[in-house]
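**Student:**
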Amino acid sequence: MTVVNAPSVDKQPGQARQRGRARRLTPGVVLAWLVIAFLAISVAFPGLLAHQGPLAVDPAHALQGPSLSHLFGTDQSGRDVFSRVVYGARESLPIGIAATAIGLAIAIILGFAAALGGRWADAVISRFLEVLFAFPSLLLGLLFVAMFGAGVGSLIIAVGIGSAPGYARMIRGQVIAVKHAPYVEAARILGHSRLRIMVGSIFPNAMRPLLVLGTLGIGQSIVWASALSFLGLGAAPPAPEWGAMLAAGRDFISSAWWLEFFPGAVIVATALAATALGRHLQRRMEGRLAS
Amino acid sequence: MTTPDLVSPAQADDLAPALGAGARRRHRFGRVLQDVVGGVIVLWGAATLTFLAVHLMPGNPAVAYAGGVGSHPSKALLAAVSKKYGLDHPVIVQYFIYLGNLLHGDLGYSASQQMPVASVIKLNVAPTAELTLGSLLLAWLLAVVWSLLTVRRGRIISSIGSGLEILTAAVPQYWLGIILLEVFAFHLGIFPATGGTGLVGLVLPSLTLAIPIAGFLGQVTREEFESALEQPYITSARARGMGDWGVRLRHALRHAVLPGVTLSGWALGSLISGAVIVESLFSRNGLGNVLLQGVTQQDMPLTIGVVLIVAVVYVVATIAVDILYQLVDPRLRSAGQ
Chain D
0 MTVVNAPSVD
10 KQPGQARQRG
20 RARRLTPGVV
30 LAWLVIAFLA
40 ISVAFPGLLA
50 HQGPLAVDPA
60 HALQGPSLSH
70 LFGTDQSGRD
80 VFSRVVYGAR
90 ESLPIGIAAT
100 AIGLAIAIIL
110 GFAAALGGRW
120 ADAVISRFLE
130 VLFAFPSLLL
140 GLLFVAMFGA
150 GVGSLIIAVG
160 IGSAPGYARM
170 IRGQVIAVKH
180 APYVEAARIL
190 GHSRLRIMVG
200 SIFPNAMRPL
210 LVLGTLGIGQ
220 SIVWASALSF
230 LGLGAAPPAP
240 EWGAMLAAGR
250 DFISSAWWLE
260 FFPGAVIVAT
270 ALAATALGRH
280 LQRRMEGRLA
290 S
Chain Y
0 MTTPDLVSPA
10 QADDLAPALG
20 AGARRRHRFG
30 RVLQDVVGGV
40 IVLWGAATLT
50 FLAVHLMPGN
60 PAVAYAGGVG
70 SHPSKALLAA
80 VSKKYGLDHP
90 VIVQYFIYLG
100 NLLHGDLGYS
110 ASQQMPVASV
120 IKLNVAPTAE
130 LTLGSLLLAW
140 LLAVVWSLLT
150 VRRGRIISSI
160 GSGLEILTAA
170 VPQYWLGIIL
180 LEVFAFHLGI
190 FPATGGTGLV
200 GLVLPSLTLA
210 IPIAGFLGQV
220 TREEFESALE
230 QPYITSARAR
240 GMGDWGVRLR
250 HALRHAVLPG
260 VTLSGWALGS
270 LISGAVIVES
280 LFSRNGLGNV
290 LLQGVTQQDM
300 PLTIGVVLIV
310 AVVYVVATIA
320 VDILYQLVDP
330 RLRSAGQ
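Sequence lines, in order, name chains D and Y.
Numbering-wise (numbering that gives the first Met the number 0), the first sequence opens with residue 0 and increments by one.
Numbering-wise (numbering that gives the first Met the number 0), the second sequence opens with residue 0 and increments by one.
#1: In angstroms with no decimal places, state the Cα-to-Cα distance between residue 81 of chain Y and residue 90 of chain Y.
#2: What do you reckon, are the CB atoms on residue 98 of chain D and residue 155 of chain D nearer than 7 Å?
#3: Classify residue 280 of chain D: buried if its beta carbon has 16 or more other beta carbons within 10 angstroms, exposed otherwise.
#4: Would residue 268 of chain Y count as contacting chain D if we go by Cβ distances under 7 Å?
#5: With a 10 Å radius around its C-beta and 16 neighbouring C-beta atoms as the bar for buried, classify residue 241 of chain D as buried or exposed.
#6: Which residue or residues does DSSP assign as beta-bridge partners of residue 56 of chain Y?
#7: How far does the alpha helix (DSSP H) with residue 59 of chain D in it extend, from its first residue to its last?
#8: Any Cβ of chain Y within less than 7 Å of the Cβ of residue 291 of chain D?
#9: Identify, in the order they occur along the chain, each residue of the same chain with its Cβ nearer than 8 Å to the Cβ of residue 233 of chain Y, setting aside the five sequence neighbours on each side.
#10: Can residue 145 of chain D and residue 294 of chain Y be called in contact, C-beta distance under 7 Å?
#11: Given that residue 222 of chain D touches chain Y, what residues does it touch there, using C-beta distances under 7 Å?
#12: Pick helix, strand or coil for residue 284 of chain D, following the three-state DSSP scheme.
#13: Taking the alpha carbon of residue 226 of chain D as the reference point, which residue from D/197, D/262, D/215 and D/182 has its own alpha carbon closest?
#14: For residue 355 of chain Y and residue 313 of chain Y, what's the separation of their Cα atoms in angstroms?
#15: Give the residues of chain D in contact with residue 92 of chain Y, contact being defined as C-beta atoms less than 8 Å apart.
#16: Would you call the CB atoms of residue 270 of chain Y and residue 208 of chain Y closer than 7 Å?
#17: Would you list, in chain order, the members of the region 103-120 of chain Y that have their beta-carbon closer than 7 Å to a beta-carbon of chain D?
#18: Would residue 317 of chain Y and residue 273 of chain Y qualify as a contact pair, given that the criterion is a beta-carbon distance under 7 Å?
#19: Return the CA-CA distance between residue 179 of chain D and residue 34 of chain Y, expressed in angstroms with no decimal places.
#20: By DSSP, does residue 87 of chain Y sit in helix, in strand, or in coil?
#21: When the Cα atoms are used, what is the spatial distance from residue 217 of chain Y to residue 322 of chain Y?
#22: Kindly indicate if chain D contains any beta-carbon less than 7 Å away from that of residue 222 of chain Y.
#23: Below 8 Å on C-beta distance, what does residue 144 of chain D contact in chain Y?
#24: Out of D/284, D/105 and D/278, which one is the CA nearest neighbour of residue 165 of chain D?
#25: Taking CB distances under 7 Å as the criterion, tell me whether residue 273 of chain D reaches chain Y.
#26: On the three-pair Cβ rule with 8 Å, is the region 32-39 of chain D touching the region 58-74 of chain D?
#27: I'd like to know whether the C-beta atoms of residue 261 of chain Y and residue 309 of chain Y end up nearer to each other than 7 Å.
#28: How many whole angstroms separate the CB atoms of residue 289 of chain Y and residue 49 of chain Y, which I take to be in contact at a CB cut-off of 8 Å?
#29: Taking the C-alpha atoms as reference points, what is the distance between residue 324 of chain Y and residue 109 of chain Y?
#30: Tell me which residues share the same chain as residue 284 of chain Y and place their Cβ nearer than 7 Å to its Cβ, disregarding the 5 neighbours each side in the sequence.
#31: Do residue 318 of chain D and residue 88 of chain D have their C-beta atoms closer together than 7 Å?
#32: Measuring only between beta-carbons, confirm whether residue 386 of chain Y sits less than 7 Å from chain D.
#33: Please list the partners that residue 177 of chain Y has in chain D, where partner means a Cβ-to-Cβ separation under 9 Å.
#34: Quick check on DSSP: helix, strand or coil for residue 208 of chain D?
#35: Just to confirm my understanding: we take residue 47 of chain D, look at its own chain, exclude 5 residues before and 5 after, and list those with CB closer than 7 Å. What are they?
#36: Give a yes or no on whether 7 Å exceeds the smallest Cβ distance from residue 310 of chain Y to chain D.
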């Protein structure tokens with residue numbers, strides 16, 4: 000997905016309208032903030048939302064459907080699914096954030112090296128990225144898991160590596176765009192040293208879209224990480240990680256739909272909230288550049 | 000998610016009209032040749048990357064080539080593997096032996112499947128090809144029909160149209176597959192939950208793969224469709240008295256699908272990763288299922304074999320799409336005549 004447009008010079012007629020929309024809070028953005036607030040409380044104070052521990056078993060109330068006392072039902076050991084989803088935020092969100100950070104870190108190194116390292120560095124790194132693109136993200140992740148074994152640690156790195164090529168290509172484009180910007184030209188004419196131009200002008204401006212990229216990326220990373228957990232390669236049951244919950248619920252798929260529906264719905268809501276927020280930030284940023 | 004750069008044959012072919020007929024044909028041939036050379040370089044890079052993977056992973060490369068720690072390879076097997084891959088030679092020699100093996104189609108032996116990797120792939124390629132190609136067609140069908148029905152149909156319908164595209168593009172395949180299973184297999188009992196032969200068994204897995212891709216292709220197509228409907232030739236077609244459907248089908252659609260076509264190579268790659276999830280979920284045979292077993296048991300020859308085949312498919316699809324692009328875009332076609 001091309002999520003970040005380099006701040007372009009040509010202004011389109013729709014820009015003014017977009018700027019107006021950027022200031023207004025759309026229902027989607029409000030909803031996204033609500034989801035994020037819920038997740039933040041889940042991570043910081045899970046006890047406020049959940050009335051049971053994530054691993055508290057109650058065999059007498061196993062596999063009960065959603066009700067007022069168990070909003071999302073109970074699993075085969077009588078554990079409260081809602082409580083598990085709430086506590087699961089503590090597992091799934093850090094995995095997504097860490098994976099995105101790793102992906103961005105690799106991408107910043109490759110992207111900057113390609114854009115600023117001269118023709119040869121650019122040619123080699125761009126070819127390297129092209130090679131990585133021949134492997135779909137999930138497959139790159141699977142290759143890594145095959146090398147280093149399953150588990151949360153390798154899951155995080157695998158998802159990070161899988162997402163790095165896409166970020167790297169965007170960052171390279173961004174740095175090249177900034178490199179040719181008039182203010183860099185001006186700094187060069189003023190006789191500033193290469194290092195000063197790089198640290199003072201290129202770096203901060205090229206990093207600007209990173210906030211957007213990171214926000215959009217976290218949603219994506221959470222989805223990929225839970226895919227690997229779902230395949231049994233990440234967090235192991237009975238951990239309340241969302242993907243692992245989906246994997247554990249597969250045995251009861253024909254009888255207890257709530258075991259699969261709710262954790263998945265929370266993953267989708269989280270991914271959509273991150274995307275909506277990322278797009279909102281992106282519009283605001285473009286709006287500010289336009290004004 | 001990552002997508003390759005949109006190739007722009009229009010730029011490359013700017014020269015074409017200025018050249019004579021023979022030169023144009025050569026120009027086109029040169030373009031295909033360039034694609035093929037680029038593809039070969041990418042595959043060489045991919046092979047190199049897998050070689051590095053084996054040598055960077057912890058433990059003895061001989062164990063990795065023999066099928067992983069879990070398969071408890073015997074001393075004799077390890078010795079045979081060391082000899083085959085030249086592991087007592089310097090790394091650079093090992094690298095050329097590795098590439099030589101690949102060029103001969105020798106992908107090694109899979110300990111988890113108890114047969115050569117090439118045979119494993121041959122046995123499992125058909126069901127996965129059926130699944131992914133069927134899903135790609137289905138995704139295009141859904142995206143095009145949805146665009147035709149909802150683009151520029153008043154604010155409410157258009158918003159529903161684009162909203163649903165964003166939603167479906169965000170839904171993870173594993174969850175979508177579970178929901179489809181719940182509703183259509185267990186609740187309504189229309190389609191089989193697992194296995195299932197022929198077209199009936201293919202419906203739910205294909206839908207699972209196709210719907211998110213359709214949402215993504217739909218977003219791209221919608222944007223193009225909207226701008227196509229603003230073009231002067233649309234106004235002129237309407238002025239000639241052509242009905243709304245005629246305008247959409249005959250004039251706008253062709254332009255709207257173009258950027259999506261260039262994404263089909265990417266979509267195929269994404270569908271193959273999706274196949275890992277879907278084949279596991281629906282207990283289908285195929286490359287995805289085999290790959291998952293290979294990864295779980297750290298069976299490197301099998302994992303690498305499947306991953307490399309996917310890279311080959313991606314490269315071939317990208318080249319095919321590039322050629323297809325020239326066929327769909329009438330500007331490029333007339334330049335070639």
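All C-beta atoms, glycine included, are put in the ideal place defined by N, C-alpha and C.
A quick note: this is a predicted structure, and the numbers were derived from the prediction, not measured.
**Tutor:** A quick look at the data gives this:
#1: Taking the straight line from one Cα to the other gives about 12 Å.
#2: yes
#3: By the neighbour-count rule (16 or more Cβ atoms within 10 Å), residue 280 of chain D is buried.
#4: yes
#5: buried
#6: DSSP, once it has assigned bridges, lists no residue as partnering residue 56 of chain Y.
#7: Run containing residue 59 of chain D: none; DSSP gives neither H nor E here.
#8: The structure shown does not extend to residue 291 of chain D, since chain D is modelled only from 0 to 290, so the question has no answer here.
#9: 227, 246, 250 and 251
#10: Going by C-beta atoms, residue 145 of chain D is nearer than 7 Å to residue 294 of chain Y.
#11: 171
#12: helix
#13: D/262
#14: No answer is possible for residue 355 of chain Y: it lies beyond the span of chain Y, which begins at 0 and ends at 336.
#15: Per Cβ cutoff of 8 Å: no residues; residue 92 of chain Y is ~22 Å from chain D at best.
#16: yes
#17: Within the region 103-120 of chain Y, no residue qualifies.
#18: no
#19: 29 Å
#20: coil
#21: 22 Å
#22: So, not an interface residue.
#23: 294
#24: D/105
#25: Cβ-Cβ to chain Y under 7 Å: no for residue 273 of chain D.
#26: no
#27: Not a contact, by the Cβ cut-off of 7 Å.
#28: Actually they do not touch by this definition, with Cβ atoms about 16 Å apart.
#29: 39 Å
#30: Around residue 284 of chain Y: 123 and 126.
#31: Any answer about residue 318 of chain D is impossible in this case: the structure gives chain D only from 0 up to 290.
#32: The first residue shown for chain Y is 0 and the last is 336, placing residue 386 of chain Y beyond what the model contains.
#33: 245, 248, 249, 252, 256, 259, 260 and 263
#34: Of the three classes helix, strand and coil, the one that applies to residue 208 of chain D here is coil, per DSSP.
#35: 40
#36: yes
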